[in-house]
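Chains as they are written, first to last, in this note's numbering: chain A, 1 to 184; chain B, 185 to 368.
In this text, a Cβ means the ideal position worked out from N, Cα and C, and glycines have one as well.
Protein chains: 2
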Amino acid sequence: MNVGLVIFDQFTDIDFFLPWDLLNRVRLLGLSKDWKVEILADQKNCLSAAGLEVKSTKPYSFANECQGLLFCSGQKTRALLKDQIFLSNFKLDPSVQAIAAIDSGALILAALGLLKNRKATTYPSAFETLKELGAEPMRAAFVEDTVATAAQCLSGDKLALWIIERLCGQSVAERVFNSVKPLV
Amino acid sequence: MNVGLVIFDQFTDIDFFLPWDLLNRVRLLGLSKDWKVEILADQKNCLSAAGLEVKSTKPYSFANECQGLLFCSGQKTRALLKDQIFLSNFKLDPSVQAIAAIDSGALILAALGLLKNRKATTYPSAFETLKELGAEPMRAAFVEDTVATAAQCLSGDKLALWIIERLCGQSVAERVFNSVKPLV
Numbered sequence: 001m002n003v004g005l006v007i008f009d010q011f012t013d014i015d016f017f018l019p020w021d022l023l024n025r026v027r028l029l030g031l032s033k034d035w036k037v038e039i040l041a042d043q044k045n046c047l048s049a050a051g052l053e054v055k056s057t058k059p060y061s062f063a064n065e066c067q068g069l070l071f072c073s074g075q076k077t078r079a080l081l082k083d084q085i086f087l088s089n090f091k092l093d094p095s096v097q098a099i100a101a102i103d104s105g106a107l108i109l110a111a112l113g114l115l116k117n118r119k120a121t122t123y124p125s126a127f128e129t130l131k132e133l134g135a136e137p138m139r140a141a142f143v144e145d146t147v148a149t150a151a152q153c154l155s156g157d158k159l160a161l162w163i164i165e166r167l168c169g170q171s172v173a174e175r176v177f178n179s180v181k182p183l184v
Numbered sequence: 185m186n187v188g189l190v191i192f193d194q195f196t197d198i199d200f201f202l203p204w205d206l207l208n209r210v211r212l213l214g215l216s217k218d219w220k221v222e223i224l225a226d227q228k229n230c231l232s233a234a235g236l237e238v239k240s241t242k243p244y245s246f247a248n249e250c251q252g253l254l255f256c257s258g259q260k261t262r263a264l265l266k267d268q269i270f271l272s273n274f275k276l277d278p279s280v281q282a283i284a285a286i287d288s289g290a291l292i293l294a295a296l297g298l299l300k301n302r303k304a305t306t307y308p309s310a311f312e313t314l315k316e317l318g319a320e321p322m323r324a325a326f327v328e329d330t331v332a333t334a335a336q337c338l339s340g341d342k343l344a345l346w347i348i349e350r351l352c353g354q355s356v357a358e359r360v361f362n363s364v365k366p367l368v
């Protein structure tokens, strides 16, 4: 099972790193035998907004071979919306892939036609753009409508857990969450 | 103002990356003029538990020049507790430094004598070791007793915000939190 995280230069750190950690726990906790998390970009390294360099492990087109997929957020998403070379990599099918996006990553999903007449969330300042791209913006931390979207960085855990639940079931998602949830 | 994040090989990803993102927002949001987040390790690169390579920016001894400091967690902490060369780098003073630790990072604080008769938290399986090292374990997500400790990875935001509040004040910490808190 392959899960891809789509990044690009100036990606928002936590939008990538939080799901990255949670998704990898499926493997690290021994909850799935063939679980692999891939970092998707066409360039060798991407530089985060806060200045960390992350190596990609697969090109963008590998998204089409992933069972789970998460589009990260960042300042560059506005340019990527109009980048036909970038967009043409993705031939996605939400009926067989668990597809998610955080914050402005939702705009990329919309540009790919995956949010047409679907409810979705992003940060409020991007609601108007999301609407222009055919989606129905919802003010919520997490929205599931065939694909899943989440708003504001600390909601990224919900997307990672949604992908895990879709691909591995509820009990695996719960075990991952139990390993990180604040102690009570 | 320097804030240091102490890492080592096999560090738990989110214990570093979540505070890393939040702490850097002070600079990225333009909330402090001289704010710098440093990654402290004596080796050039550290490999995270999930397999990401992170470059250090300063040696461990730079911790003594930091106004804020956070010890990350990971499997290697048990060995570091007995590593006198590692421990001898740190000459810390919680009366003038905002010092924090997540999960098993608390054991390092204890080994440095910073939790003697102080309340602290970590993940429950490390409570016994924390007690043996002189601390008073508390079952809580966040504990402040001169230094700050937090239990289970998704509590890392509380430590980053505590450091920011101590060094820059409550309104700056609130602005950082507002930029990431799940949309309601």
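- Message: For the region 347-354 of chain B against the region 300-312 of chain B, do three or more pairs of beta-carbon atoms, one drawn from each stretch, fall closer than 8 Å, so that the two count as touching?
- Response: no
- Secondary structure at T306(B), three-state DSSP: helix, strand or coil? coil
- Within the same chain, show all residues whose beta-carbon is closer than 8 Å to that of L345(B), passing over the 5 residues directly before and after it, in chain order. L206, A357, V360, F361
- Message: For a contact defined as C-beta to C-beta under 9 Å, what are the partners of G50(A) on chain B?
- Response: Checking the sequence shown, residue 50(A) turns out to be Ala, not Gly. W204, D205, L207, N208, R209, R211, L212, V221, listed in chain order.
- Pair within 8 Å by beta-carbon distance, V180(A) and Q194(B): no
- Given a cut-off of 8 Å, decide if A310(B) and S339(B) are closer than it, judged by their beta-carbon atoms. no
- Message: In the DSSP assignment, the beta strand (DSSP E) including L334(B) goes from what residue to what residue?
- Response: Sequence inspection shows Ala at residue 334(B); the Leu mentioned does not correspond to that position. Unbroken beta strand (DSSP E) run through A334(B): 331-334.
- Task: Name, please, each residue of chain A whose Cβ falls closer than 9 Å to the Cβ of R323(B).
- Result: L183, V184
- Message: What does DSSP give as the partner residue(s) for F11(A) in the beta ladder?
- Response: As DSSP reads the structure, F11(A) sits in a beta bridge with S48(A), G74(A).
- Does the beta carbon of D157(A) come closer than 8 Å to any beta carbon on chain B? For D157(A), the answer is yes, since a Cβ of chain B falls inside 8 Å of its Cβ.
- Task: Determine whether the Cβ of D34(A) lies closer than 8 Å to any Cβ atom of chain B.
- Result: no
- Message: I'd like to know if F11(A) contacts chain B, where contact means its C-beta is closer than 8 Å to some C-beta of that chain.
- Response: no
- Of the listed residues F16(A), F8(A), I85(A), nearest to K158(A) (C-alpha basis): F16(A)
- Output yes or no for whether 8 Å exceeds the beta carbon distance between V6(A) and W20(A). no
- For P19(A), the three-state DSSP class (helix, strand or coil): helix
- Mind checking which residues open and close the beta strand (DSSP E) that includes A294(B)? That residue, A294(B), is in no beta strand (DSSP E); its alpha helix (DSSP H) goes 289-295.
- Pull up the CB-CB distance for A284(B) and L314(B), whole angstroms please, since I reckon it's below 8 Å. Between the beta-carbon of A284(B) and that of L314(B) there is about 15 Å, and that puts the pair past the 8 Å contact cut.
- Query: Exposed or buried, N253(A), counting other C-beta atoms within 10 Å across all chains shown (16 or more means buried)?
  - Reply: It is not possible to answer for residue 253(A), since the shown part of chain A is limited to 1 through 184.
- Could you tell me whether the region 271-279 of chain B touches the region 242-256 of chain B, using the rule of 3 or more Cβ pairs below 8 Å? yes
- Closer than 8 Å to chain B by CB, Q152(A): yes
- Message: At a CB distance below 8 Å, what residues from the region 105-137 of chain A approach chain B? Give them in sequence order.
- Response: Cβ contacts with chain B: T121, Y123, P124.
- Item | I347(B) and A282(B) closer than 8 Å at C-beta | yes
- For R323(B) versus L183(A), is the C-beta spacing smaller than 8 Å? yes
- Query: At a Cβ cut of 9 Å, what residues of the region 229-255 of chain B count as close to chain A, listed as they run along the chain?
  - Reply: S232, A233, A234, G235, L236, E237, V238, K239
- Terminal residues of the alpha helix (DSSP H) in which N362(B) lies: 354-362
- On the three-state DSSP scale, how would you describe F274(B)? coil
- Item | Under 8 Å between C-beta atoms of I292(B) and L18(A) | no
- Task: Can you say whether G68(A) is buried or exposed, counting buried as having 16 or more other CB atoms within 10 angstroms of its CB?
- Result: Result: buried.
- Query: What's the gap between the Cα of V54(A) and the Cα of E237(B)?
  - Reply: 8 Å
- Taking K239(B) as part of the beta strand (DSSP E), name the residues at either end of that continuous run. 237-239
- Task: Could you say which of L264(B), S240(B), T196(B) lies nearest to L28(A) if we only look at CA atoms?
- Result: T196(B)
- Item | Minimum C-alpha distance to M185(B) - residue among G214(B), V210(B), W219(B), N208(B) | W219(B)
- Nearest to A106(A) by CA position, among E144(A), S95(A), I85(A), is which residue? E144(A)
- Beta-bridge partners of E128(A), as assigned by DSSP: Partner(s): none; E128(A) has no beta bridge.
- From N208(B) to E312(B), what does the alpha carbon distance come to, in whole angstroms? 34 Å
- Task: Report the three-state DSSP secondary structure of K158(A) (helix, strand or coil).
- Result: Looking at K158(A) - three-state DSSP - the assignment turns out to be helix.
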